[in-house]
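Just below is one structure, and these are the notes that go with it.
Residue numbers (our numbering), protein chains in the order written: chain A, 1 to 308; chain B, 1 to 238; chain C, 1 to 215.
In structure tokens:
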């Protein structure tokens, strides 16, 4: 036992603890983190957890920073059920949205399906702290998708023919599809269809595509702009009763961030320049085997559209 | 919150439906058992060999640390992309979690056996095989079971990520609850996971007590208290 | 620096902070708790099983519930830090108890005879002697923490873990492998640094180790 050495060691240990305690106490070590309360002129751009939404968010963020607006990126937060509360509590300020699903989130009873009606309803139903800017002609809808073989075998082209088959169909989609109004409850109400089983997968991601391809599900919720639909020769079932409302891409932003007119200007310009074909094409580029950097894809599109 | 939880647990459909609590519980238990078993099939023989021969002890320390540092989520999504959907990628990912404590427990148990006893056995003309299985293994059992406890505890808590890649188990409630922002469902799932872990822990404690001769129990490995990370600590310190 | 579609340096810095701050906080909390559990048999009987149970709470559930428990915002990194602190405490209380158990009672008696008061004895004699076991525990907690941070990616908070969710969404295997390697390297570097710290704080333990290896 050497008391001096022991004392020295304990002094060092105590010092380390002191540093730790000071560091931890006030939450200060996190102040330099990107998520700390942002300066009023900084816009935090958030996104949902699927590729297209991340890309749209990257396009917004890149365009804003080209116009001299400070941005922070907070991508891949999850479903609307998760990121919308984040918009309300100030965790994020801006997110690329889709009008129809946003409306159904705001009002589960909403019945509007035409693009203009949906947009007006969204404007009316949003809390005052949040604003939607111009909606883009670009549309990306949820759709019920089956394999070509399944469609041929059952002579299936539209959801209104699906009723008698439902008892044998295992349906796959993101977990939130089970509870969203246009999801399982909507399909049940509009088309009298009760699926044999629902499997929780992901939001138009690799799980859903793989499960549909390998036959572990017979029908799936995918997005209409998803390149894996043509790539796998999947069939989108028609939706004559408009269970899935119009889904225009629209920036949803914290109203307090609109003080600088450049913000709304550039986001509106993006909405004007974007259309469904462009969006599908961008998704295809991201999906290519060389896996391009989404930031590069975003920059390329912005410059081709004359924005960046 | 509490009343909604009670309602969640009380709903008859939770207990009868095909995707109800009993099914999820059994699935969860199945993933756990399978992963720990596969992990043991790999870790125990390696641990026996290294403990008995003393060769490759650095491998144990390195492997234990390296495997523990592997992020489960990344390993799982990688395996799913490489192997496709299903049970295999999940069991492989969880197995990697079970190996370090099992390996460390086996190795520490075997190498910790009193060398005098081993020498005596050798002097009596026992073969190396007889020494390993007749002398070392019985004496190593308490630490091996301690490793099994840690492995099981970690796997049972982590098996929830199976739901992230579309499988079932109790993680379903947590992943779905998160996506649907349904806190009751999430809390219900977390409570079930913790309960299952406690039940397994108590059961394995019983096993450990049964294989530990009373006089050999040291205070530091008091069998009445859970040994979270205990065999890990043994190797990490080594 | 952009690699595999991500700004890798800020993500790595964020990962280190999110992983290590909880370990430091966990140590600060575990020292008094562990000391209490070491002194009182009753406390030990309650605290050790309790920390064992804490460890079984699934991390995703803990991350998501934190804003409700703490009243923080949904994407506040404090949520991840506090959740991971819970796991650090779960691992470290036991290490503190084991470390203090390692100190031979003759040493304590000698310390008291030399005039140490309880606090002085703890800081001057017991903790320094417990350092080897304590550091071993901290190493386990730190390495696990690096791995657990990545789970936060499911709620958009995982620092380098974002490479996993993003790579998964795009079938981008190389991105996932890159994420795995980055986290592994960071964790093992920190582990090695902690090992060195242990040698520095308790050189006698390293000197004693070779004798043990002869067994």
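Note that CB positions come from ideal geometry on N, CA and C, so glycine has one too.
Residue 201(A) reaches chain B at 166, counting residues in chain order whose Cβ is nearer than 8 angstroms.
Of the residues assessed, residue 128(B) falls on the exposed side of the cut-off, its CB having fewer than 16 other CB atoms within 10 angstroms. At least one beta carbon of chain C lies nearer than 8 angstroms to the beta carbon of residue 286(A). By the 16-neighbour rule on beta-carbons within 10 angstroms, residue 170(C) is buried. Ranked by Cα distance from residue 137(C), the options 155(C), 178(C), 92(C), 55(C) are led by 92(C).
By a beta-carbon distance limit of 8 angstroms, residue 172(A) does not contact residue 148(A). Their separation comes to about 17 angstroms. When the five nearest sequence neighbours on each side are left out, the beta carbons in the same chain lying within less than 7 angstroms of the beta carbon of residue 60(B) are those of 50, 103, 104, 107, 235, in order along the chain. Fewer than three beta-carbon pairs drawn from the region 151-166 of chain A and the region 201-216 of chain A are found closer than 8 angstroms, and the two stretches are therefore not classed as touching.
In this structure, DSSP gives residue 133(B) a helical state, which the three-state scheme calls helix.
At a cut-off of 8 angstroms between beta-carbon atoms, residue 124(B) makes no contact with chain C.
Chain C places no beta carbon closer than 8 angstroms to that of residue 136(B), leaving this residue out of the contacts. The beta carbon of residue 128(B) sits no closer than 8 angstroms to any beta carbon of chain C.
In this chain, residue 127(B) is not harboured by any alpha helix (DSSP H), its DSSP state being neither H nor E. The criterion of a C-beta distance shorter than 8 angstroms is not satisfied by residue 176(C) and residue 96(B). Residue 74(A): member of the beta strand (DSSP E) spanning 70-78, first to last residue.
Beta-carbon to beta-carbon, residue 95(A) and residue 252(A) are separated by about 5 angstroms, close enough to satisfy the 8 angstroms threshold. With a cutoff of 8 angstroms on beta-carbon distance, residue 56(C) and residue 157(B) are scored as near each other.
Residue environment analysis places residue 69(C) among the exposed positions, since fewer than 16 neighbouring C-beta atoms fall within 10 angstroms of its C-beta. Between residue 183(B) and residue 80(C), the gap from beta carbon to beta carbon reaches 8 angstroms or more. Using beta-carbon distances, residue 89(C) does not count as an interface residue toward chain B, since no partner is under 8 angstroms. For the C-beta of residue 165(C), the chain A residues within less than 7 angstroms are, from N- to C-terminus, 49, 76.
In this structure, residue 96(C) lies away from residue 42(C), with their beta-carbon atoms at least 8 angstroms apart. The continuous stretches of beta strand (DSSP E) do not include residue 178(C), which lies in the alpha helix (DSSP H) extending over residues 173-201.
Interface residue (Cβ-Cβ distance to chain C less than 8 angstroms): residue 295(A) is classified as such. When only Cα atoms are considered, residue 144(A) and residue 70(B) end up about 38 angstroms apart. Residue 164(C) is a Cβ neighbour of residue 150(C), given a cutoff of 8 angstroms. Residue 253(A): member of the beta strand (DSSP E) spanning 249-254, first to last residue. Those residues of the region 199-231 of chain A placed with their C-beta closer than 7 angstroms to a C-beta in chain C are 205, 206, ordered along the chain.
With a contact defined as Cβ atoms closer than 8 angstroms, residue 130(A) and residue 255(A) qualify at about 6 angstroms.
Across the set 61(A), 119(A), 226(A), the C-alpha of 61(A) shows the shortest separation from the C-alpha of residue 93(A). About 14 angstroms separates the Cβ atoms of residue 141(A) and residue 50(A), ruling out a contact at the 8 angstroms cut-off. Buried is the label assigned to residue 186(B), since at least 16 other Cβ atoms lie within 10 Å of its Cβ. Residue 101(A) counts as buried, since no fewer than 16 other beta carbons sit within 10 angstroms of its beta carbon. Counting only the Cα atoms, residue 112(B) lies some 11 angstroms from residue 54(B). About 14 angstroms separates the CB atoms of residue 15(B) and residue 6(B); that is not less than 8 angstroms, and the two are not in contact. Residues 187, 191 of the same chain have their beta carbon placed closer than 7 angstroms to that of residue 143(C), with the five preceding and five following residues left out of the count.
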